[in-house]
Amino acid sequence: MSNATEIVKPLMTVDEFLDLPDDGVDRDLIDGVLHEWPGTPVTYRSIAHSVAEADFATSLNLWLRTQHRPCGLIVSGEAGFRLRRDPAVVVGIDVAYVGPEVVERSQGQRIFDGPPILAVEILSPSDTSERVANKVTLCLEAGVALVWLVDPKFRTVTVYGPEIPPRLFNIRDELTAEAHLPGLRLDVVDLFPDA
Numbered sequence: 017m018s019n020a021t022e023i024v025k026p027l028m029t030v031d032e033f034l035d036l037p038d039d040g041v042d043r044d045l046i047d048g049v050l051h052e053w054p055g056t057p058v059t060y061r062s063i064a065h066s067v068a069e070a071d072f073a074t075s076l077n078l079w080l081r082t083q084h085r086p087c088g089l090i091v092s093g094e095a096g097f098r099l100r101r102d103p104a105v106v107v108g109i110d111v112a113y114v115g116p117e118v119v120e121r122s123q124g125q126r127i128f129d130g131p132p133i134l135a136v137e138i139l140s141p142s143d144t145s146e147r148v149a150n151k152v153t154l155c156l157e158a159g160v161a162l163v164w165l166v167d168p169k170f171r172t173v174t175v176y177g178p179e180i181p182p183r184l185f186n187i188r189d190e191l192t193a194e195a196h197l198p199g200l201r202l203d204v205v206d207l208f209p210d211a
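Pasting the structure below:
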């Protein structure tokens, strides 16, 4: 029988999480527990990651301009999203389409208060399969309608949804999301300019 006492830390609040220094450390708050990846500063992932983020954000912005107002926002650069309140889940998302309701509810806040409609996660050289799978699961459980997992190295996009099996798209395919992003049609080859 062990006499060791386990020290249980109190769960971190969203406000405590947001008060952490902006020191380049990649962080998420998952179920009130701080997760840090100090070896993977947000701004130095890879050139391929940066190019893919810019290309997806640009393509989605062009689509958004064709939509009726209010139509929400396209955001990029690890935009912060509170996916759940208790226990708190806050994650950064590479590129996202945020619906007008969440945009309105988030006015004056530092992060979006609710899930986006579309989350685009771009693989970085330092990503682990466990971390990526966990983030996709958290997003879907929180109500994100679609998650696109982008692999710049293999020029593929895997689409996840709560009611659909994952589907892999390559440079010969066209991405659509009619139920959630009406009229969106993207040739995958155009999202990877060096393909």
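Just so you know, the sequence shown maps onto residues 17 to 211 in this note's numbering. Glycine residues also receive a C-beta, built at the ideal position from the N, C-alpha and C atoms.
C-alpha distance - residue i paired with residue j, whole-angstrom precision
{"i": "SER145", "j": "ALA95", "result": "21 Å"}
{"i": "ARG85", "j": "PRO26", "result": "43 Å"}
{"i": "ASP15", "j": "PRO131", "result": "The shown model of the chain, from 17 to 211, leaves out residue 15, and the question about it has no answer."}
{"i": "HIS65", "j": "ILE90", "result": "17 Å"}
{"i": "PRO181", "j": "PRO168", "result": "22 Å"}
{"i": "ARG98", "j": "ALA158", "result": "9 Å"}
{"i": "ARG81", "j": "LEU154", "result": "29 Å"}
{"i": "ALA193", "j": "ARG101", "result": "28 Å"}
{"i": "PRO209", "j": "PRO103", "result": "41 Å"}
{"i": "ARG126", "j": "PRO116", "result": "17 Å"}
{"i": "SER75", "j": "ARG147", "result": "26 Å"}
{"i": "PHE128", "j": "ASN77", "result": "18 Å"}
{"i": "ASP31", "j": "ARG171", "result": "37 Å"}
{"i": "GLY124", "j": "ILE187", "result": "40 Å"}
{"i": "LEU50", "j": "THR29", "result": "10 Å"}
Beta-carbon proximity check, residue i vs residue j, cutoff 8 Å
{"i": "VAL173", "j": "LEU165", "result": "yes"}
{"i": "VAL105", "j": "ASP143", "result": "no"}
{"i": "ILE138", "j": "TYR113", "result": "no"}
{"i": "TYR176", "j": "LEU156", "result": "yes"}
{"i": "GLY88", "j": "VAL119", "result": "yes"}
{"i": "ASP44", "j": "VAL107", "result": "yes"}
{"i": "LEU207", "j": "ASP71", "result": "yes"}
Backbone secondary structure at residue i - three-state DSSP
{"i": "THR128", "result": "Residue identity differs from the one stated: residue 128 is Phe in this sequence, not Thr. If DSSP states are grouped into helix, strand and coil, PHE128 belongs with the strands."}
{"i": "ALA68", "result": "helix"}
{"i": "SER142", "result": "coil"}
{"i": "LEU34", "result": "helix"}
{"i": "ASP44", "result": "strand"}
{"i": "ILE63", "result": "helix"}
{"i": "LEU200", "result": "coil"}
{"i": "ALA161", "result": "coil"}
{"i": "ARG121", "result": "helix"}
{"i": "PRO26", "result": "coil"}
{"i": "THR74", "result": "helix"}
{"i": "ASP189", "result": "coil"}
{"i": "PRO294", "result": "Because the chain is modelled from 17 through 211, residue 294 falls outside the range shown and cannot be assessed."}
{"i": "ASP110", "result": "strand"}
{"i": "ARG299", "result": "Here the chain covers residues 17 to 211 and nothing more, so residue 299 does not appear."}
Chain-order list of residues whose beta-carbon lies under 7 Å from that of residue i (same chain, five-residue window excluded)
{"i": "ASN150", "result": "none"}
{"i": "LEU191", "result": "VAL173, PHE185, LEU202 and VAL204"}
Residues near residue i in its chain [Cβ-Cβ closer than 6 Å; skip 5 each side]
{"i": "SER92", "result": "GLU69, ALA73 and VAL111"}
{"i": "PRO141", "result": "SER62"}
{"i": "TRP79", "result": "LEU200"}
{"i": "PRO178", "result": "LEU156"}
{"i": "PHE33", "result": "LEU45 and VAL106"}
Sequence-distant residues of its chain with Cβ nearer than 8 Å to residue i (five each side left out)
{"i": "ARG183", "result": "THR174 and VAL175"}
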